[in-house]
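Residue numbers (the working numbering): 12 to 322. Backbone N, C-alpha and C define an ideal beta-carbon position, used for all residues, glycine too. All values reported here derive from a predicted model rather than from experimental measurement. Structure first, then comments.
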């Protein structure tokens, strides 16, 4: 039921560590103007674990305001299933179109526990669910066997595949066909995943480079592989910034340089400094210096107008 580019947006903070709704509206609006197909809030990149339940709902409402008719998903990444079910119910009441659910971010559940927890959250929210499968970050592997076991519940509609093994995408399709909407969740595997059948991209660097991200996806959809690959090769050093312990700081710094926002983060994180900051700045500035001109695309008028040429 979902396809396309879904930014895992960052959460913007004021200097006093409150939520900066005005800046979030501006930044999320850039995603919509570039032709993104939905928004996912309060994930890993959105510093969801550092937000209170009330703050998560506030961010959801801000995104809902900006997205118009496009879907907005709230990430459920609470450590306990009781708390996860509670935020899922609140999200449904407050206008979420769906949930992206992390199975168990702290306690490493076994197969039976993983299935039970996911089902409990889906039942509580009674919304369409994207299962976030990321065995590297969260150490709970939602295997193809588990996906098959959960397939009887129609609320599970999509998989964010972040196992870091491109073979998994083909295994999902071979076993389950189009039962789930397959999204890639690893920025620097996106071209590869789209090549083997992914229908969506939960993207990180899109928050700083929305037009280029949308262009790659749309070109692949139109069968213009070589044009997409040329942009992807330019993009690749930037996309590598997503695969890091410091992905939040990396991407927020990229946003500073590309879209003129701030890189405030919530403690214990701190903005990049010293040699690490210089290294990331160099990656971003080097890419900006040779930013490609984007081709025309067969998309909606709103998207096409934004994608004809790079800034």
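Residue 191 and residue 110 have their C-alpha atoms some 14 Å from each other. For residue 206, the secondary structure class from DSSP, reduced to helix, strand or coil, is helix. The beta-bridge partner set that DSSP reports for residue 172 consists of 144 and 195. A direct Cα-to-Cα measurement between residue 259 and residue 279 gives close to 12 Å. A check of alpha carbon separations from residue 85 across 103, 170 and 77 identifies 103 as the nearest. Contact between residue 62 and residue 22 holds, since their C-beta atoms are separated by about 7 Å, short of 8 Å. Secondary structure note for residue 136: its alpha helix (DSSP H) is the uninterrupted segment 122–136. In the displayed model, residue 43 falls within a helix according to three-state DSSP. Per DSSP, residue 111 is one residue of the beta strand (DSSP E) stretching across 109–112. Secondary structure at residue 15: strand, using DSSP grouped into helix, strand and coil.
Here residue 112 is not near residue 126, since their CB atoms are 8 Å or more apart.
Membership of residue 86 in the beta strand (DSSP E) is indicated by the continuous run 83–87. It is roughly 40 Å from the alpha-carbon of residue 128 to the alpha-carbon of residue 294.
Separation of the CB atoms of residue 36 and residue 73 is rounded to 6 Å, and the pair is thereby assigned contact status at 8 Å. Looking at 92, 195 and 123, the one whose alpha-carbon comes closest to that of residue 144 is 195. CA-to-CA, the gap between residue 183 and residue 154 works out to about 9 Å. Around the Cβ of residue 115, a 10 Å sphere holds 16 or more other Cβ atoms; the residue is buried. Assigned with DSSP and collapsed to three states, residue 285 falls in helix. Per DSSP, reduced to three states, the secondary structure at residue 217 is helical. Counting only runs of 4+ residues, the alpha helix (DSSP H) found wholly inside the stretch 228–275 occupies 236–250 and 258–270, in chain order. Collapsing the DSSP output to three states places residue 296 in a helix. Residue pairing by DSSP places residue 30 opposite 24 in a beta bridge.
Between the stretch 26–46 and the stretch 272–290 there are three or more inter-stretch CB-CB distances shorter than 8 Å, so the stretches are counted as touching. The distance from the Cβ of residue 230 to that of residue 308 is about 7 Å, consistent with a contact at the 8 Å cut-off. Boundaries of the beta strand (DSSP E) harbouring residue 52: 50–52, taken from the DSSP string.
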